[in-house]
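Student: Can you read through this structure? Questions will come right after.
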Amino acid sequence: MRHNFKNLKIWILAMEITNDIYRLTATFPKSETYSLTSQMNRCSVSMPSNIAEGSNRGNKHFQHYLNISLGSSFELQTQLLIACQNDYVTKEKTEKLENKIIEFQRMTTGFISKLN
């Protein structure tokens, strides 16, 4: 079964998270350009990109891409907490964005289980 990724709620949420991350990392110190900023941007881009790439595959392969996307979300969540620990982002912004990431994780996990 093929899926139109643009209609998937998980893809829409992942795109929103990516936009939030890009806006957030634009405020990080220049010293983080090639480290935390780059890593967070790449993780966030990986989330919707893997959903889109896998959406044209059969369910078994799609699950693989969804799991990669899910893994990137956990990596991003960790990096967000690191940014907060280093005072690059407020606790309030961290909590708001982390809640979106957690919601993405819940939705994606549920979607994966429905593909079985």
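For the sequence shown, position 98 (counting from the first letter as 1) is numbered 1205 according to our numbering, and the numbering increases by one without interruption. Ideal Cβ placement from N, Cα and C applies to all residues, glycine included.
1) When you compare each of Leu1177, Ser1142, Gln1146, Gly1165 to isoleucine 1117 by their alpha carbons, which one comes out closest?
2) Taking 8 Å as the threshold (C-beta atoms), are glutamine 1184 and glutamate 1205 in contact?
3) By alpha-carbon positions, which one of His1171, Ser1151, Cys1150 ends up nearest to glutamate 1160?
4) Under a three-way DSSP split, which group does alanine 1133 fall into?
5) Given a cut-off of 8 Å on the beta-carbon distance, is the pair leucine 1143 and glutamine 1186 in contact?
6) For valine 1196 and alanine 1133, what's the separation of their Cα atoms in angstroms?
7) Rank Cys1191, Ser1138, Lys1167, Arg1130 by C-alpha distance to the C-alpha of serine 1151 and give the top, closest one.
8) Find out if the Cβ-Cβ distance for the pair isoleucine 1124, methionine 1147 is shorter than 8 Å.
9) Please name the residue, chosen from Asp1194, Ile1175, Asn1223, that lies closest to glutamine 1224 on a Cα-to-Cα basis.
10) Name the two residues that bound the continuous alpha helix (DSSP H) containing tyrosine 1172.
11) Mind checking whether leucine 1188 and threonine 1215 have CB atoms under 8 Å apart?
12) Assuming phenylalanine 1169 and serine 1162 are in contact, meaning their beta carbons sit under 8 Å apart, how far apart are those beta carbons, in whole angstroms?
Tutor: Straight from the coordinates:
1) Answer by Cα proximity: Leu1177.
2) yes
3) His1171
4) Here DSSP, grouped into helix, strand and coil, assigns alanine 1133 to coil.
5) yes
6) 11 Å
7) Arg1130
8) no
9) Because the chain is modelled from 1108 through 1223, residue 1224 falls outside the range shown and cannot be assessed.
10) Looking at the DSSP string, the run of the alpha helix (DSSP H) that includes tyrosine 1172 is 1166 to 1192.
11) no
12) 6 Å
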